[in-house]
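Since the structure comes first, as structure tokens, the remarks are kept for the end.
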Amino acid sequence: MTTKFPRGRELILGVGAGIAAYKSADLLRRLQDNGFLVTVVPTPNSLNFVGKATWEALSGRKAQSELWEHVADVPHVALGDKANLVVIAPATADLIARIAQGRADDLLTNTVLSTTAPVMLIPAMHPKMWFNPATVENVEKLRDRGLFVMEPATGRLTGADSGVGRFPETAAIITFIEESYGYCADLVGVRMLVTAGGTREPIDPVRYIGNRSSGKQGWAIAHQAAMRGATVTLLLGPNELPVIEGIETVEIESALQMREEILTRFDDVDVLVMSAAVADAKPVSVSSNKIKKDKLGALILEENPDLLAEFSAKKRRGQVIAGFAAETEGDEAALIEAGKSKLARKGADLIYVNDVSDGKVFGSEITRGAIITREGTITSINDVTKERLADTLLDQIKERVSHE
Ligand code: CTP
16 MTTKFPRGRE
26 LILGVGAGIA
36 AYKSADLLRR
46 LQDNGFLVTV
56 VPTPNSLNFV
66 GKATWEALSG
76 RKAQSELWEH
86 VADVPHVALG
96 DKANLVVIAP
106 ATADLIARIA
116 QGRADDLLTN
126 TVLSTTAPVM
136 LIPAMHPKMW
146 FNPATVENVE
156 KLRDRGLFVM
166 EPATGRLTGA
176 DSGVGRFPET
186 AAIITFIEES
196 YGYCADLVGV
206 RMLVTAGGTR
216 EPIDPVRYIG
226 NRSSGKQGWA
236 IAHQAAMRGA
246 TVTLLLGPNE
256 LPVIEGIETV
266 EIESALQMRE
276 EILTRFDDVD
286 VLVMSAAVAD
296 AKPVSVSSNK
306 IKKDKLGALI
316 LEENPDLLAE
326 FSAKKRRGQV
336 IAGFAAETEG
346 DEAALIEAGK
356 SKLARKGADL
366 IYVNDVSDGK
376 VFGSEITRGA
386 IITREGTITS
396 INDVTKERLA
406 DTLLDQIKER
416 VSHE
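In terms of the working numbering, the sequence shown opens at residue 16 and continues consecutively.
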């Protein structure tokens, strides 16, 4: 991994149907000069301005527009999977609206929907369209979702008038991409261990004690950390989650297995994030035969070791430990109080306390709660995606890694 491309250099250049499409030919060249490997995905309408032959000749690669070409390659997912970065230039009002709505009506919008790579948009349109409340709202929505939208330049437009909406100069776009991409790679050199999912404590060959954790939150943290350049190991309980390329994933079942895996790695990491739902108790002994149901009432449980507390106590200077707290209090003040006391009891640097009452959060894509630090700072989190929470947590972790 080089530092210039910690996340890889495969770039998709999406081209929308604006006259500025011709300027993207120059952008493509400069992106290549900067070391990116570029595949162009023009929207079907953009081909009215610049044809496929131009894109294929300049990129040296196939330029597809439609979903119906080369279907056997499943291009709508394959392109998004391969991409480390998606840049859409020019992004027209219509294209912005389609992306904001989550539409998937051509190859480019499909790719945007299916990719986990950062997406950057370089808008170009008439000021009346740029300032239309519909566009303003769409751009806001995209930024909230974590897409990068560049401000268009001011100057002469296609017709006689001028104003905000001009396609920015290539050099300015390259700077924007580098800065946004640099932001994405702000965790280069940080070694992270993330635990996720629920543990299963065996009772006998067929039964176990488990919980409803899906592992999605920890997965999102590992994923975002890797995207931002960190070196990540993910310790994952039984799950149905996709594999994250480029990180080490170790699957475990019980709390004790998780403890062993943390133990062998703890000294070599800068950050431990305990998002796993470690089962609080396990049977004192595991029966090698299936226990008859009338004997199950005699099952004796003992507490599992508290891994967060154990490793927080072992923490060396410079290490950062983040924990999670699942609470069912509901009311925000009570939630924060519960989080504060758990943070103090376990000795972590920060904790995300989330409201899991009424089946909220488990298996869901959305989370709500608060991040509480050792110093008592509180960041409220109101119904955001787990990726978004992951990024907010990583921002705070990053600050601490450099200051601890
Ligand atoms: N945790 C841990 N080891 C355990 C139990 C929990 O490391 N044996 C960690 C979790 O990974 C999480 C944090 O502790 O980061 C809080 O988990 P939670 O289940 O909310 O807290 P408990 O300690 O189980 O407290 P209680 O059930 O009393 O609320």
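Where is the CB? At the ideal position from N, CA and C, for every residue including glycine.
As the structure is a computational prediction, the values presented were derived from the model and not from experiment.
Can you tell me which of L408, G117, T169 puts its alpha carbon nearest to the alpha carbon of V286?
As a position in the sequence shown, residue 286 is number 271, starting the count at 1. Comparing Cα positions, the closest option is L408.
contact_flag[the segment 95 to 102, the segment 125 to 138] where n(CB pairs < 8 Å) is 3 or more:
The answer is yes - the segment 125 to 138 touches the segment 95 to 102, with three or more Cβ pairs under 8 Å.
With respect to the beta strand (DSSP E) encompassing F339, which residues constitute its N-terminal and C-terminal limits?
Your numbering for residue 339 matches position 324 in the sequence shown. Where F339 is concerned, the enclosing beta strand (DSSP E) stretches over 335 to 342.
If you draw a straight line from the C-alpha of G384 to the C-alpha of P298, how long is it?
Residue mapping note: residue 384 aligns to position 369 of the sequence shown, counting from 1. Residue mapping note: residue 298 aligns to position 283 of the sequence shown, counting from 1. Distance between the alpha carbons of G384 and P298 is about 32 Å.
Beta carbon of M207: closer than 7 Å to some heavy atom of the ligand CTP?
Sequence index remark: in the sequence shown, residue 207 carries index 192 (1-based). M207 Cβ: outside cutoff for every heavy atom of the ligand CTP.
Would you mind giving the Cβ-Cβ distance between M140 and G33, rounded to the nearest angstrom? I have them listed as a contact below 8 Å.
Numbered from 1 along the sequence shown, position 125 holds the residue referred to as residue 140. Numbered from 1 along the sequence shown, position 18 holds the residue referred to as residue 33. About 7 Å separates the two Cβ atoms, so the contact holds.
Quick one: residues in its chain with C-beta nearer than 6 Å to the C-beta of G29, no 5 flanking neighbours on either side, listed in chain order?
Residue mapping note: residue 29 aligns to position 14 of the sequence shown, counting from 1. V56, I103, L123.
Under a three-way DSSP split, which group does G33 fall into?
On the sequence shown, residue 33 is found 18 positions in, with the first residue counted as 1. Coil, per DSSP.
Measure how close the beta-carbons of L208 and T248 come, nearest whole angstrom, since I'm counting them as under 8 Å.
Here the question's residue 208 lines up with position 193 in the sequence shown. Here the question's residue 248 lines up with position 233 in the sequence shown. Yes, they are in contact, since the Cβ atoms of L208 and T248 sit about 5 Å apart, within 8 Å.
Determine the burial state of K143: buried for a count of at least 16 other Cβ atoms within 10 Å of its Cβ, exposed for fewer.
The residue given as residue 143 occupies position 128 in the sequence shown. Exposed: under 16 other Cβ atoms inside 10 Å.
What I want to know is whether the C-beta of K357 ends up closer than 7 Å to one or more non-hydrogen atoms of the ligand SAH.
No copy of the ligand SAH appears in this structure; the ligands present are the ligand CTP.
Quick one: what's I224 bridged to in DSSP?
Residue mapping note: residue 224 aligns to position 209 of the sequence shown, counting from 1. For I224, which the question treats as bridged, DSSP gives the partners E216.
Give the C-beta separation of L316 and A296 to the nearest angstrom, bearing in mind that I take them to be a contact with Cβ-Cβ under 8 Å.
Position 301 of the sequence shown, counted from the start, is the residue given in the question as residue 316. Position 281 of the sequence shown, counted from the start, is the residue given in the question as residue 296. Yes, L316 and A296 are in contact; Cβ-Cβ is about 4 Å, under 8 Å.
If distances are taken between C-alpha atoms only, which option among V65, F51, I236, A241 comes closest to G31?
Reading the sequence shown from its first residue, position 16 is the one you call residue 31. Residue V65 is the option with its Cα nearest to G31.
What do you get for S395, buried or exposed, if any count of 16 or more other CB atoms within 10 angstroms of its CB means buried?
On the sequence shown, position 380 is the one that residue 395 refers to. So S395 counts as exposed.
So what does DSSP say about S395, is it helix, strand or coil?
In the sequence shown, counting from the first residue as 1, residue 395 sits at position 380. In this structure, S395 counts as strand in the three-state DSSP scheme.
Would the segment 210 to 219 and the segment 265 to 282 be scored as touching if the rule is three or more Cβ pairs under 8 Å?
yes
Helix, strand or coil: how does DSSP classify G312 here?
In the sequence shown, residue 312 corresponds to position 297, counting from 1. Helix.
Check: F281 C-beta below 7 Å from any heavy atom of the ligand CTP:
Numbered from 1 along the sequence shown, position 266 holds the residue referred to as residue 281. Checking the Cβ of F281 against the ligand CTP gives no.
Need the endpoints of the alpha helix (DSSP H) that G434 sits in, please.
Summary: the structure shown does not reach residue 434, with the chain confined to residues 16 through 419, and so no result is reported for it.
For T58, which residues from the same chain have a beta carbon less than 6 Å from its beta carbon, with the 5 sequence-adjacent residues on both sides left out?
Translated into positions along the sequence shown, residue 58 becomes position 43. So the qualifying residues of the chain are G31, A32, D121, L123.
Using only CA atoms, which one of D88, T150, H85 lies nearest to I114?
As a first step, residue 114 must be located in the sequence shown, where it is residue number 99. Considering only alpha carbons, the answer is T150.
Going by the beta-carbon positions, is the gap between A294 and N254 smaller than 8 Å?
One-based indexing of the sequence shown puts residue 294 at position 279. One-based indexing of the sequence shown puts residue 254 at position 239. For A294 and N254, no; Cβs fall outside 8 Å.
Quick one: what does DSSP say L122 is sitting in, helix, strand or coil?
One-based indexing of the sequence shown puts residue 122 at position 107. In this structure, L122 counts as helix in the three-state DSSP scheme.
Integer Cβ distance of P105 from F182, believed to fall under 8 Å
Taking the sequence shown and counting its residues from 1, the one referred to as residue 105 is at position 90. Taking the sequence shown and counting its residues from 1, the one referred to as residue 182 is at position 167. Sure, about 5 Å apart at Cβ, within 8 Å.
What is the residue span of the alpha helix (DSSP H) that I3 lies within?
The question about residue 3 has no answer here: the residues shown for the chain are numbered 16 through 419.
I'd like the list of long-range same chain contacts for T130, defined as Cβ closer than 7 Å, with 5 residues on each side in sequence excluded.
As a working mapping, residue 130 is identified with position 115 in the sequence shown. Only G95, A98, V101 meet the Cβ criterion.
What residues does the ligand CTP have around it, judged by CB closer than 5 Å to any heavy atom, in chain order?
M289, A291, V293, D295, N319, D321, L322, L323, G338, F339, A340, A341
Where does the unbroken beta strand (DSSP E) through G170 begin, and where does it stop?
Residue mapping note: residue 170 aligns to position 155 of the sequence shown, counting from 1. Start and end: 168 to 171.
Is P142 helix, strand or coil by DSSP?
Stepping through the sequence shown from its first residue, residue 142 is reached at position 127. In the structure shown, P142 sits in a helix (DSSP, three-state: H, G or I).
Per DSSP, what kind of secondary structure is A296 in: helix, strand or coil?
Counted from its first residue, the sequence shown places residue 296 at position 281. Here A296 sits in strand by DSSP.
Does L62 come out as helix, strand or coil in the three-state DSSP assignment?
Along the sequence shown, one-based indexing puts residue 62 at 47. Correct three-state label for L62: helix.
Indicate whether R76 and F51 have their beta-carbon atoms separated by less than 8 Å.
Position 61 of the sequence shown, counted from the start, is the residue given in the question as residue 76. Position 36 of the sequence shown, counted from the start, is the residue given in the question as residue 51. No.
Residue from Q79, D321, I277, R158 with nearest C-alpha to R360:
Counting from one through the sequence shown, the residue named residue 360 turns up at place 345. The residue with the shortest Cα to Cα distance from R360 is D321.
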